[in-house]
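*Asks:*
2 protein chains.
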Amino acid sequence: MSQVIGIDLGGSKIALGLVDPRGEIRARRRIDTNSEAGSKAVVERIAAEVEVLKATLPPEEALAAVGVGAPGPVNHVSGDLLTLVNLPGISNSPFRRLLQERLSLPVALDHDAKAAALGEFHYGAGRDGDSMIYIVIGTGVGAAIIYQGKLIYGEGNSAGESGHMTVDPKGHPCHCGSRGCLETYTSGPALAKHYAAASGQTVTGAEVSARALAGDEVALEVLASAGRALGIAIASLAMTLNIERFVIGGSVALAGDLLLNAARESLTLYSFKTVSAKVNVRATSLGEDAPILGAAWLARQRACGPG
Amino acid sequence: MSQVIGIDLGGSKIALGLVDPRGEIRARRRIDTNSEAGSKAVVERIAAEVEVLKATLPPEEALAAVGVGAPGPVNHVSGDLLTLVNLPGISNSPFRRLLQERLSLPVALDHDAKAAALGEFHYGAGRDGDSMIYIVIGTGVGAAIIYQGKLIYGEGNSAGESGHMTVDPKGHPCHCGSRGCLETYTSGPALAKHYAAASGQTVTGAEVSARALAGDEVALEVLASAGRALGIAIASLAMTLNIERFVIGGSVALAGDLLLNAARESLTLYSFKTVSAKVNVRATSLGEDAPILGAAWLARQRACGPG
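In order, the protein sequence lines correspond to chains Y and F. If you number the first sequence the way numbering that gives the first Met the number 0 does, the last residue is 306 and the count never jumps. If you number the second sequence the way numbering that gives the first Met the number 0 does, the last residue is 306 and the count never jumps.
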């Protein structure tokens, strides 16, 4: 039996998982990213962790491939990292080629939101259908669209910037220069900002969710408002694409139904009843493991499939 | 050389075109729809017009197939018409099978907006790329998305209801039960309604466009407002799908840049500069011939291809 390793390459941490063909993580490693020393140093340190995971395999099993989910933008065709705001040290490098040469194994690389979507689609909350939209809500908001089993990349490889769909053209200004973007209602920093405006207290987005779970009325309304904006965006996506499975991930999704019930209500208000009746809005079932499992799936495709 | 016939089956008229392999319409027919007598009667009358067109062919040419664009909803897989609000007489009938049996020729059938999109994509304003979004603005507003050469149908065959994307959650009520839908700003009836509200004069949507072209200030502002709403929807679609070609058809598109310049400006305001810089918003180049040519393309696929 062959195994693969899925890697979530993050701004501060790198999480690795040894993944079996059913999508079970059999062993894990986690190291600091420390990207300042450049791509080759990061590749060296990843290779050392790959060796550690490989050493856990019984003699009859082999490592077939490695997959990486990176905080975009990336070129998934060439495997290059482009300009990564949070990882300047490894930006603009042929990361997949470097890792592949170092490991002498097939390596796949894609955007982490797309990897997470593939994880949910093949092993998690989206595995009951052939199409799915994944929306990740954390510091920023992004999406990945899977239609008939395949990711939509777009003509310039930048599909999925649904965090900047306009929810209200007269809404809050967004750092992107527009206003009323979905992100201005739902991101972690947006939750913190709206909570501070209503309560005078400075807390993080995660703390807003924690307070809402504890019954704080202001926090509950901030999350409900975020959910209503999310529901409007989901409605427009569902009307346009007629995709019926929406999986919501990222740190803000930890608020669960405090966010998602408001989204479901506004989805019903802002779409045809025939459409909203079929749309299912779910929280991630894989959580932080989604990008690891999606990267593992990409690795397996690269080892076994045409990709 | 083989020829095909494309048919635009409309609420009041049926337009037929004999189309050569380069997408040139070599002969035309046009009859009233008169759907009251039912599907078989309409099929009989279409068959008579097909015979007339066939008779114009020189002896060395043959008719290979026929394609039909129908005002949805349709099931493009089975070729059935579903419940057509404007054509109750032929609703819920196996229209493709009936026409195919009558003609003894392969017949293709799809939604008219999708047919029109295929027409623009293969023979018109969208033929310079492999992806395109067609937005048709008439009595209603719909869309058809072509990604990497293929139409997106969605899981329940209802993709393209982008006329009901939310442009402003506190906007005008829409007949669909929601509010602030794109359609409430841009459809012909919406133009008429907003013009009447601002001027006190009752005119049709077409007359609003005509007055705007003649310099009427109120009409110009109604069209600009419609264009701004259209630009917001295009921005959200471009950010999500990263498709760079938008072709605008339907009767309201006859207003041309009076509508589209406002759309282009608001697209720039409501999307990343890197995205809007690449997006091209164009008017239809085929006009009323778009569904005929798209239906002809579908006919050729059905005769020659796997479809």
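Glycine included, every Cβ here is placed at the ideal spot set by N, Cα and C. Remember, it's a predicted structure, so these values are computed and weren't measured experimentally.
Shorter than 7 Å from the beta carbon of S111/F to some beta carbon of chain Y?
*Replies:* A quick correction: the sequence has Asp, not Ser, at residue 111/F. Cβ-Cβ to chain Y under 7 Å: no for D111/F.
*Asks:* Could you check where the beta strand (DSSP E) with L266/F kicks off and where it finishes?
*Replies:* Premise fails: L266/F lies in the alpha helix (DSSP H), D256 to L268, not in any beta strand (DSSP E).
*Asks:* Helix, strand or coil, according to DSSP, for F271/F in the structure here?
*Replies:* coil
*Asks:* Pick out the complete alpha helix (DSSP H) segments inside the region 137-210 of chain Y, 4 residues or longer, and give them in chain order.
*Replies:* 182-185 and 187-198, all fully within the region 137-210 of chain Y.
*Asks:* Contact check, D127/Y vs V73/Y under 8 Å by CB: the rounded distance?
*Replies:* Their Cβ separation, rounded to whole angstroms, is 29 Å, which puts D127/Y and V73/Y out of contact at 8 Å.
*Asks:* D167/Y touches chain F at which residues, Cβ-Cβ below 7 Å?
*Replies:* D167 and P168
*Asks:* Name, please, each residue of chain Y whose Cβ falls closer than 8 Å to the Cβ of I231/F.
*Replies:* T165 and P168
*Asks:* At a cut of 8 Å, does the region 97-115 of chain F reach the region 256-273 of chain F through at least three beta carbon pairs?
*Replies:* no
*Asks:* May I ask whether a heavy atom of the ligand COA can be found less than 6 Å away from the beta carbon of S198/Y?
*Replies:* Absence of the ligand COA is noted for the structure shown, with no ligands found whatsoever.
*Asks:* Rounded to whole angstroms, what's the CA-CA distance from V42/F to L97/F? Just pull it up for me.
*Replies:* 7 Å
*Asks:* Quick check on the burial criterion: 16 or more other C-beta atoms within 10 angstroms. Buried or exposed for D256/Y?
*Replies:* D256/Y should be labelled exposed.
*Asks:* In whole angstroms, what separates the C-alpha of S92/F from that of S177/F?
*Replies:* Rounded to whole angstroms, S92/F and S177/F show a C-alpha spacing of 30 Å.
*Asks:* Quick check on this structure: which residue in T165/Y, E243/Y and K12/Y has the alpha carbon closest to the alpha carbon of K277/Y?
*Replies:* E243/Y
*Asks:* Can you tell which of L229/Y, A213/Y, P87/Y and N33/Y has the C-alpha that lies nearest to the C-alpha of V140/Y?
*Replies:* L229/Y
*Asks:* Along the beta strand (DSSP E) that carries G66/F, what are the first and last residues, could you check?
*Replies:* A61 to A69
*Asks:* Give me the Cα-Cα distance between Q2/F and G304/F, rounded to the nearest whole angstrom.
*Replies:* Spanning the two alpha carbons is a distance of roughly 15 Å.
*Asks:* Can you pull the chain F neighbours of N241/Y, defined as C-beta to C-beta under 9 Å?
*Replies:* I151, Y152, G153, E154, G155, N156, S157, A158, G159 and E160
*Asks:* Return helix, strand or coil for Q2/Y, following the three-state DSSP convention.
*Replies:* Reduced to three states, the DSSP call for Q2/Y is strand.
*Asks:* Which residues in the same chain have their Cβ closer than 6 Å to the Cβ of P290/F, if we skip the five residues on either side of it in sequence?
*Replies:* D7, G68, D111, A114 and A115
*Asks:* Is the shortest distance between the beta-carbon of Y269/F and the beta-carbons of chain B less than 7 Å?
*Replies:* Within the model displayed, chain B is absent; protein chains Y and F are what it includes.
*Asks:* In chain Y, which residues lie less than 8 Å from L236/F when you measure between Cβ atoms?
*Replies:* T239
*Asks:* When the distance is taken between beta carbons, is A191/Y closer than 7 Å to T203/Y?
*Replies:* yes
*Asks:* Name, please, each residue of chain Y whose Cβ falls closer than 8 Å to the Cβ of A196/F.
*Replies:* Correct list: empty, because the minimum Cβ distance to chain Y is about 20 Å.
*Asks:* Please return the same chain residues whose Cβ sits closer than 6 Å to the Cβ of R227/Y, not counting the five positions on each side in sequence.
*Replies:* A261 and S265
*Asks:* Can you check whether the C-beta of S186/F is within less than 7 Å of a C-beta belonging to chain Y?
*Replies:* no
*Asks:* Could you please give the first and the last residue of the uninterrupted alpha helix (DSSP H) stretch that includes D111/F?
*Replies:* D111 to Y122 is the span of the alpha helix (DSSP H), which, as asked, contains D111/F.
*Asks:* Could one say the Cβ of S275/Y lies closer than 7 Å to chain F's Cβ atoms, at least one of them?
*Replies:* no
*Asks:* With a threshold of 16 other CB atoms inside 10 Å of the CB of D288/F, please say whether the residue is buried or exposed.
*Replies:* buried
*Asks:* By the criterion of Cβ-Cβ separation under 7 Å, what are the contact partners of Y146/F in chain Y?
*Replies:* I151
*Asks:* Rounded to whole angstroms, how far is the Cβ of V275/Y from the Cβ of E154/F, which I believe are closer than 8 Å?
*Replies:* According to the sequence shown, residue 275/Y is Ser rather than Val. About 14 Å separates the two Cβ atoms, so there is no contact after all.
*Asks:* Using CA atoms only, rank isn't needed, just tell me which of K169/Y, T138/Y and G118/Y is closest to K149/Y.
*Replies:* Among K169/Y, T138/Y and G118/Y, the Cα nearest to that of K149/Y is on G118/Y.
*Asks:* May I ask you to report which of helix, strand or coil DSSP gives D215/Y?
*Replies:* Residue state, collapsed to three classes: coil.
*Asks:* Spatial neighbours of L62/F within its chain, please: CB distance less than 6 Å, with the 5 preceding and 5 following residues excluded, ordered by chain position.
*Replies:* Correct list, in chain order: Q2 and K53.
*Asks:* Look up V278/F in the DSSP assignment and give the residues it is bridged to.
*Replies:* None, per the DSSP bridge assignment.
*Asks:* Under a Cβ-count criterion, where at least 16 other Cβ atoms within 10 Å of its own Cβ denotes burial, should S312/Y be classed as buried or exposed?
*Replies:* The requested residue 312/Y does not occur in the structure, where chain Y is confined to residues 0 to 306.
*Asks:* Could you give the DSSP three-state label for I45/Y: helix, strand or coil?
*Replies:* helix
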